[in-house]
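Q: Those protein sequences? They're chains A and X, same order as listed.
All residue numbers for the first sequence refer to the working numbering, where the first residue is 9 and numbers rise by one.
All residue numbers for the second sequence refer to the working numbering, where the first residue is 9 and numbers rise by one.
Even for Gly, the Cβ is constructed at its ideal location relative to N, Cα and C.
Number of protein chains: 2
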Amino acid sequence: MISLFQPDTEWLITETDFNAERHQIAESIFSIGNGHMGQRANFEEQYSGKSLRGNYIGGVFFPDKTRVGWWKNGYPDYFAKVLNAPSWIGVNVWVNNQPLDLAQCEILSFYRQLDMQEGILSRCVQVKMPDGTKIAFETERFVSVVDTEIGALRCGLRAYTNCSIRVESTINSDVHNEDSNYNESFWDSIAHNIDSTYIYAIDRTKKTPYDVPQFAVATAVNTLFSIENQPVKSQRACSGKLLSESVEIELQAQQWLDIEKIACQISTLNYAENELAQTVEIRLSEASQKGFAQLKQEHVQAWAEKWKTSDIRIEGDEAAQQGIRFNIFHLHQTYSGNDSRLNIGPKGFTGEKYGGSTYWDTEAFCLPFYLATSPEQVSKQLLMYRYKQLDRAIANAEKLGFSGGAALFPMVTMTGDECHNEWEITFEEIHRNGAIAYAIYNYTNYTGDKSYLMEGGLEVLIAISRFWAQRVTLSPTKRKYMILGVTGPNEYENNVHNNWYTNYFARWCLHYTLETISWAKRVAKQEFAELCAKISFDENFEVLRWTDITKNMYVPEDENFGIILQNDGYLDKEQKTVAELPANQRPINQHWSWDRILRSCYIKQADVVQGLYVFEKDFDTEYIERNFNFYEARCVHESSLSPCIHSVVASKIGNAAKAYELYLRTARLDLDDYNKEAHEGLHITSMAGTWLAIVQGFAGMRTQSHTISFAPQLPKEWNKLSFSILYRGALLHICMTASAIEISLAEGELREIIVNDNYYSLQERKVVVNL
Amino acid sequence: MISLFQPDTEWLITETDFNAERHQIAESIFSIGNGHMGQRANFEEQYSGKSLRGNYIGGVFFPDKTRVGWWKNGYPDYFAKVLNAPSWIGVNVWVNNQPLDLAQCEILSFYRQLDMQEGILSRCVQVKMPDGTKIAFETERFVSVVDTEIGALRCGLRAYTNCSIRVESTINSDVHNEDSNYNESFWDSIAHNIDSTYIYAIDRTKKTPYDVPQFAVATAVNTLFSIENQPVKSQRACSGKLLSESVEIELQAQQWLDIEKIACQISTLNYAENELAQTVEIRLSEASQKGFAQLKQEHVQAWAEKWKTSDIRIEGDEAAQQGIRFNIFHLHQTYSGNDSRLNIGPKGFTGEKYGGSTYWDTEAFCLPFYLATSPEQVSKQLLMYRYKQLDRAIANAEKLGFSGGAALFPMVTMTGDECHNEWEITFEEIHRNGAIAYAIYNYTNYTGDKSYLMEGGLEVLIAISRFWAQRVTLSPTKRKYMILGVTGPNEYENNVHNNWYTNYFARWCLHYTLETISWAKRVAKQEFAELCAKISFDENFEVLRWTDITKNMYVPEDENFGIILQNDGYLDKEQKTVAELPANQRPINQHWSWDRILRSCYIKQADVVQGLYVFEKDFDTEYIERNFNFYEARCVHESSLSPCIHSVVASKIGNAAKAYELYLRTARLDLDDYNKEAHEGLHITSMAGTWLAIVQGFAGMRTQSHTISFAPQLPKEWNKLSFSILYRGALLHICMTASAIEISLAEGELREIIVNDNYYSLQERKVVVNL
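#1: For the alpha helix (DSSP H) containing C652 (chain A), name the first residue and the last one.
#2: Can you give, in chain order, each stretch of the beta strand (DSSP E) that sits fully within the segment 262-312 of chain X and has at least 3 residues?
#3: In three-state terms, what does DSSP make of K314 (chain A)?
#4: Using the Cα positions of R61 (chain X) and G363 (chain X), report the straight-line distance between them to the nearest angstrom.
#5: Let me know the secondary structure DSSP gives S177 (chain X) once reduced to three states.
#6: Need the endpoints of the alpha helix (DSSP H) that C374 (chain X) sits in, please.
#7: Could you work out which residues of chain A lie near R607 (chain X), taking near to mean beta carbons separated by less than 8 Å?
#8: Of the choices X:Q385, X:G409 and X:F417, whose alpha-carbon is the least far from that of D399 (chain X)?
#9: So what's E192 (chain X) in DSSP terms, helix, strand or just coil?
#10: Please look up how many angstroms separate the CB atoms of T558 (chain X) and L518 (chain X), rounded, as I've assumed it's under 8 Å.
#11: Would you decide whether Y767 (chain A) is buried or exposed? Buried here means 16 or more other CB atoms lie within 10 Å of its CB.
#12: In the structure shown, what three-state DSSP assignment does H31 (chain A) receive?
#13: Using 10 angstroms around the beta-carbon of F536 (chain A), count the other beta-carbons present and answer buried if the total reaches 16, otherwise exposed.
#14: Does the segment 132-142 of chain X come within contact of the segment 157-175 of chain X, defined as at least 3 CB pairs closer than 8 Å?
#15: Under the three-state reduction of DSSP, which class applies to D580 (chain A): helix, strand or coil?
#16: Run down chain A in chain order and give the residues with a C-beta less than 7 Å from the C-beta of E283 (chain X).
#17: Please tell me whether P484 (chain A) has its Cβ less than 8 Å away from any Cβ of chain X.
#18: Rounded to a whole number of angstroms, what is the C-alpha to C-alpha distance between L579 (chain X) and G570 (chain A)?
#19: Just to make sure I have the definition right: I need the residues of chain X whose C-beta is within less than 9 Å of the C-beta of Q598 (chain A). Which are they?
#20: Measure the alpha-carbon distance for M124 (chain X) versus G424 (chain X) and round it to whole angstroms.
#21: Does S648 (chain X) have its Cβ less than 8 Å from a Cβ in chain A?
#22: Provide the residue(s) that pair with M490 (chain X) in DSSP beta bridges, ordered along the chain.
#23: Assuming F38 (chain X) contacts L129 (chain X) under a Cβ cut-off of 8 Å, what Cβ separation, rounded to an integer in Å, is found between them?
#24: Can you find the residues in the same chain that come closer than 6 Å, C-beta to C-beta, to P595 (chain X), ignoring five residues on each side of it along the sequence?
#25: Consult DSSP for L250 (chain X) and reduce its assignment to one of helix, strand or coil.
#26: For N63 (chain X) versus A34 (chain X), is the C-beta spacing smaller than 8 Å?
#27: Just how far apart, CA to CA, sit E2 (chain A) and Y735 (chain A)?
#28: What residues in its chain sit with their C-beta under 8 Å from that of L722 (chain A), if we drop five residues either side in the sequence?
#29: Is R75 (chain A) close to chain X? Criterion is C-beta to C-beta, closer than 8 Å.
#30: So is A28 (chain A) buried or exposed if we call it buried at 16+ other beta carbons inside 10 Å?
#31: Using CA atoms only, rank isn't needed, just tell me which of A:C272, A:L232 and A:F118 is closest to N44 (chain A).
#32: With a threshold of 7 Å on Cβ separation, who are the neighbours of S193 (chain A) within its own chain once the five nearest residues in sequence on each side are excluded?
#33: Within this structure, are the beta carbons of S752 (chain X) and K774 (chain X) separated by less than 8 Å?
#34: If we count the other Cβ atoms within 10 Å of its Cβ and call it buried at 16 or more, is Y668 (chain X) buried or exposed?
#35: With a threshold of 6 Å on Cβ separation, who are the neighbours of M9 (chain A) within its own chain once the five nearest residues in sequence on each side are excluded?
#36: Determine the direct distance from the alpha carbon of V288 (chain A) to that of K215 (chain X), and round the result to whole angstroms.
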């Protein structure tokens, strides 16, 4: 198969011919975003072919009424979905009264490009219209990472012969979410203005019976039409939910019509509804004064800053190079850490699936990436997001029968309220609470900054520990604390007893909370006392009970195999390996009925291995290897979040070939559309996994108590790997070959570094270790 | 609380005042049916209050597109729903141009009655119209159990002062199913005629993408209006989907306007679509010639025959008397055994919930009732229903990955195709296959007639055994055959390993099939050889494998408690009893989230106890008692099918008080609307359970190899219990008091009978045994 997206150069994603069948995939791949808003790479002009039009604003959602077959007590009333917001990119073109529509015209040439270094989407097409007129149409656009409410685009239109041209720059509020449960429209138009300086539309989400805010969004654009720097006067109109500003001209052969469009989109997330009209005009006015060129320059500059601390360079494998940059680029596009109300949806701003809400992916997969590549504040915002939703997590636990301030963070959420509605996941995939607690440890351990613990961290830890303490069952027969009726990370087992990962993680949470309480009593006595009072923490009772549970938790192992037991009953299953699965039955989730999947030994995604990854330091390498070999043989990796973790662990145990094979399974997942689902949007959170596979896997980076360590093992397919890491104020450049690793301290201070268990001083700001 | 439905007399259900809030409950309670069609007790005249209008024809369904939250591989495309068919009961009345609408008029008196002895619904109201005019309105109707495509009604309308009256007799095709998944209308009108002898409408179900037949239904009525036996000439009209025949007259004070309406409703279930128009007129003509009075007389006579063999009389407890008759009455209304394409929906013809489809309730709960109270043919039709759907059950198993002629009968079905869409039930509640196999044993054992075994029974048994043989897993660790990932009858555990009931039943199925094969080889060698050829039965391989499985099936027991283990892990749960549940948390399915229910030890419905009921003869009474006491204490009986089985077992172990307490929980379930859901329809299948509690419980009736036995234990609250039983051609009357049981042979022959393990000769056609 020839890949659609060729690694033309290291920084560019390009497409050199147009295939309507692949257009929706391209719309995902070439998506642009700035952490606050984003959009699929829809065409600016009208297009009658298949397209998923999408423009999304982080945090602006609609509570879509839950749809289930059979209601279960405890299900949420709605699923919060990031809304397809009014679109400002429209630049419709008619040539001699014929619409410029790539589905209807003969395409003479086509070039689309995403410049990942600069964060710019551009396109250039040459088209023969039905009447034979040839034209060229070029576009360039971005959503500013500097001023995140601003977007800008520039188009150029050239005719090769004299012709009449009509161009219409639009704001389109007639937008829908494809994934609406009941085919409802989510927006009401409440105001528009075509008589002011700029045209703008204000739209408000429909009223619902749910206790969530309605959002209003103001979208304003300023369009300048010019020919050879001479402005062309435009007409404005409003037709239904479409506002437009248009010009009709006779274009001479070879002349260019230039269109420059600056847009501002703001919402009641940040402004009062009655301020929207005035604000959007002021904000747009400021941006318009800068103009496209200056806005672009600032935007490109900001991207350069991001790349400085987060780029990864791979020599000897252009496809891998493009793949990892693509992933890093999209992670930065999705989340910037500027707003603690925002988070990372599995599809980011590239599609509607999963509703744009937050999963445990954030803490388990994405946090390490942001910790190592962005200022601390960026990661801290992710922790604050959960802390701010703690009251909702407590309410969620209460809905499930827990009390006394126990918190169960939701499986899927926008505002903190649970949105998921599949009992075996919503109610039972409770290990997510572990990932959220671990993120606090991870942040504190990586940054060395314990201040967050008393700013919310400990409060979250106590609430999570309270949950575990109520969720365990003391088995009357085995006299051990068990956790019954759960779904582990491996969603191909449901409602099992004693999922090892969950039990182990629950015990760890209790232990870490107890440890943090001891610390707080030593160093922050007063604040701890205040916290105890605030949350009615009964130290005598709770500390004792938690200690008891940590000491008597049932942690299943199998003596015969000398391995961890994934969950009770797992070894009663017929034991087969993935190698025994006929190719035509894979993926099993498309070929097998659900019960067959459940009673098979096949594992969807890292489960025991996920635990070995997180708690690596608790086990010796031989034990990890034995478990890895057993469970990797049974894992079908039918989640994009799975191979990366197995890859890190394979590197750990020195199985380089396996590590590389597993790395490849997600490295270019979307670029090469392995799973035939890129048209729905990109796998944003799993992109962080490939970063893990490289940095924690091939480079073997780990956080130690006062520094970081490396255990490099370059894939033999690569010549060189280099990347940068932010660590406690220091910027480190790491460069690995098969024979050596060079670590240089580009900024900040760090005394020493560990490579393969040996300490090396950084006094000279550079270390070269031969391997 | 005063019960709505007073036990006025033993044979009547009556309601003496009108309460609009309870009207939908009454519409269910007073429902009428004849096994082929049935209807809720909707008012004949227009009614603007809350009402669930329902008129259903057995077997006429619509494939309603599946609605789920999250699709699982293997789910069916549609749920077959018995359709709300065009209504023929309409008799709208206007008095001085004011509609007679009980929601709008002052009701001076109201009396509604269901005569269970005769199968007649009637009503009598006196009303003051808004203008002060007083009128009386009486109605009487039935659906004939003799000619099941015919229904008839008679109304009388009397004014107390002179007034103008308009009466409109209608056929209304504008009908909907309230439980439609996507609010769709299911019918298209395809023809109507108001110019022929009778008015009729022909309606067809909408076209769907599914491979199921479309149905057409013809509905014809003949209405005679008369005053003091003088016909009144009527006008006919068609307005949209409403056909009508109406009169407008000036009625003198105290005069009666009589309306007699005969209806015929036929469908393409029994006739070609192009024959419907002609046939419905011929059939209606025949019925009209008989007239209301004769049709009613035949109908009443047929009901007398049914009661002769199935009535139960209870002395000393009028409420119990009414309750059991109500249940028997509805069971006969729902199923008559005339058509092997029909079965028993959980709501019969009294509501739409559960789609009117077939569940395992039929075999597990209803069959014993029909076996003992109706000619053998009635029960045999229930077996034939499954046999005719065997190919679909095999296809269903194939969809789930089974092969080689293995059959999994559906959880819910109309045509044999699975309609249910909840994975833990659809795919995992596979014990239903056991009930379907056991029904074959039950029928053969009760009737003594083995002929069905070679007419389909053995073929079904082999297909079911093939399923079990593939569904078991040989545990690599325990070297036993296990059944993983199931839901037992207790739906408050999902996806468990080794549900004892399922494992035990699977083993029994294999054993019984092997036994039947041996028998067939002896007595029906040629037919057996033909069957083997037809279904490619590999005797060498299959018999050996099945024998191996029966010998090495894992059947979980707990040595500590000396009890059966409901399923793996059950005793790791916190052990609490129902007595410890606060009243305000019951039923737990309304107060607890699903995960909490699943990890609690509380049991929804008879599970281990259901197995002890079915396989009673395999266990000694002490063991049954120990298990009963353990599991009854944990069973919340949140299925209407549960207390009856526990009641039978309580009788078996001599716990009369418990047996009676459990009996009461369903005896008047709908009449007294315990569960606040009677408005949706009645619990038809659980009605059979109360029959079991009396006949198998209090009377202790069991089938022995050549006769039946009794172990009587009359509840102390009753003076006398008598009932009739059909057994191998004999009609037995049984009459029990606390001190004696009298058994008399009313018809046919039977040599002896067993009471409390002692044989008694029936040579004198009567036996009295003092207890």
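A: Put simply:
#1: Mapped onto the first sequence, residue 652 (chain A) falls at position 644. Unbroken alpha helix (DSSP H) run through C652 (chain A): P651 to K660.
#2: 264-275
#3: The count along the first sequence starts at 1 and reaches residue 314 (chain A) at position 306. K314 (chain A) falls in the helix class under three-state DSSP.
#4: Reading the second sequence from its first residue, position 53 is the one you call residue 61 (chain X). Reading the second sequence from its first residue, position 355 is the one you call residue 363 (chain X). So the two alpha carbons sit approximately 15 Å from each other.
#5: Within the second sequence, the letter at position 169 stands for residue 177 (chain X). If DSSP states are grouped into helix, strand and coil, S177 (chain X) belongs with the strands.
#6: Walking along the second sequence from the start, residue 374 (chain X) turns up at place 366. Per DSSP, C374 (chain X) belongs to no alpha helix (DSSP H) and is neither H nor E.
#7: By one-based count along the second sequence, residue 607 (chain X) stands at place 599. Those within 8 Å of R607 (chain X) in chain A are T481, L492 and G493.
#8: Mapped onto the second sequence, residue 399 (chain X) falls at position 391. The shortest Cα separation from D399 (chain X) among X:Q385, X:G409 and X:F417 belongs to X:F417.
#9: Translated into the one-based positions of the second sequence, residue 192 (chain X) becomes position 184. DSSP places E192 (chain X) in coil when its eight states are reduced to three.
#10: Numbered from 1 along the second sequence, position 550 holds the residue referred to as residue 558 (chain X). Numbered from 1 along the second sequence, position 510 holds the residue referred to as residue 518 (chain X). Confirmed, Cβ separation roughly 5 Å.
#11: Along the first sequence, read from residue 1 onward, the residue named residue 767 (chain A) stands at position 759. With fewer than 16 Cβ atoms within 10 Å of its Cβ, Y767 (chain A) is classed as exposed.
#12: Residue numbering aside, residue 31 (chain A) sits at position 23 when the first sequence is read from its first letter. Note: H31 (chain A) maps to helix in three-state DSSP.
#13: What you label residue 536 (chain A) is simply residue 528 of the first sequence in a count that begins at 1. Buried is the call here.
#14: yes
#15: For the purposes of this step, residue 580 (chain A) is taken as residue 572 along the first sequence, with counting starting at 1. Note: D580 (chain A) maps to helix in three-state DSSP.
#16: To locate residue 283 (chain X), count along the second sequence from 1; it is residue 275. Ordered by position in chain A, no residue passes the 7 Å Cβ test against E283 (chain X), which lies about 39 Å from the chain.
#17: Start at 1 with the first residue of the first sequence, and residue 484 (chain A) comes out as number 476. Yes, because at least one Cβ of chain X sits closer than 8 Å to the Cβ of P484 (chain A).
#18: In the second sequence, the residue the question calls residue 579 (chain X) occupies position 571. In the first sequence, the residue the question calls residue 570 (chain A) occupies position 562. Taking the straight line joining both Cα atoms gives about 26 Å.
#19: Translated into the one-based positions of the first sequence, residue 598 (chain A) becomes position 590. Under the 9 Å cutoff, chain X gives N81.
#20: Counting from 1 along the second sequence, the entry for residue 124 (chain X) is found at position 116. Counting from 1 along the second sequence, the entry for residue 424 (chain X) is found at position 416. Each residue's alpha carbon lies about 33 Å from the other.
#21: For this step, residue 648 (chain X) is matched to residue 640 along the second sequence. It does not: the Cβ of S648 (chain X) has no partner Cβ on chain A nearer than 8 Å.
#22: The residue given as residue 490 (chain X) occupies position 482 in the second sequence. Answer is X:T481, bridged to M490 (chain X).
#23: Start at 1 with the first residue of the second sequence, and residue 38 (chain X) comes out as number 30. Start at 1 with the first residue of the second sequence, and residue 129 (chain X) comes out as number 121. Contact holds; Cβ gap of about 6 Å.
#24: Your numbering for residue 595 (chain X) matches position 587 in the second sequence. Hits under 6 Å: E646.
#25: Position 242 of the second sequence, counted from the first residue, corresponds to residue 250 (chain X). If DSSP states are grouped into helix, strand and coil, L250 (chain X) belongs with the strands.
#26: Position 55 of the second sequence, counting from 1, holds the residue named residue 63 (chain X). Position 26 of the second sequence, counting from 1, holds the residue named residue 34 (chain X). No, they are not a contact pair.
#27: Here chain A comprises residues numbered 9 to 779, so residue 2 (chain A) is not present and cannot be evaluated.
#28: Counted from its first residue, the first sequence places residue 722 (chain A) at position 714. Counting only Cβ-Cβ distances below 8 Å, and skipping sequence neighbours, we find F706, K728, L729, M744, T745 and A746.
#29: Counted from its first residue, the first sequence places residue 75 (chain A) at position 67. Yes, its Cβ sits closer than 8 Å to a Cβ of chain X.
#30: Along the first sequence, one-based indexing puts residue 28 (chain A) at 20. The residue in question, A28 (chain A), is exposed, as its Cβ has fewer than 16 Cβ neighbours within 10 Å.
#31: Numbered from its first residue, the first sequence carries residue 44 (chain A) at position 36. Residue identity differs from the one stated: residue 44 (chain A) is His in this sequence, not Asn. Measuring from the Cα of H44 (chain A), the nearest candidate turns out to be A:C272.
#32: Position 185 of the first sequence holds residue 193 (chain A). H184.
#33: Numbered from 1 along the second sequence, position 744 holds the residue referred to as residue 752 (chain X). Numbered from 1 along the second sequence, position 766 holds the residue referred to as residue 774 (chain X). Yes, Cβ-Cβ distance for S752 (chain X) and K774 (chain X) is below 8 Å.
#34: Position 660 of the second sequence holds residue 668 (chain X). By the 10 Å Cβ count, Y668 (chain X) comes out buried.
#35: Position 1 of the first sequence holds residue 9 (chain A). Note that M9 (chain A) has pLDDT 28, beneath the 50 cutoff, so the model's placement of it is unreliable and the number below is only indicative. The answer is none, since no qualifying residue turns up.
#36: If you number the second sequence from 1, residue 215 (chain X) lands on position 207. If you number the first sequence from 1, residue 288 (chain A) lands on position 280. One C-alpha to the other measures close to 51 Å.
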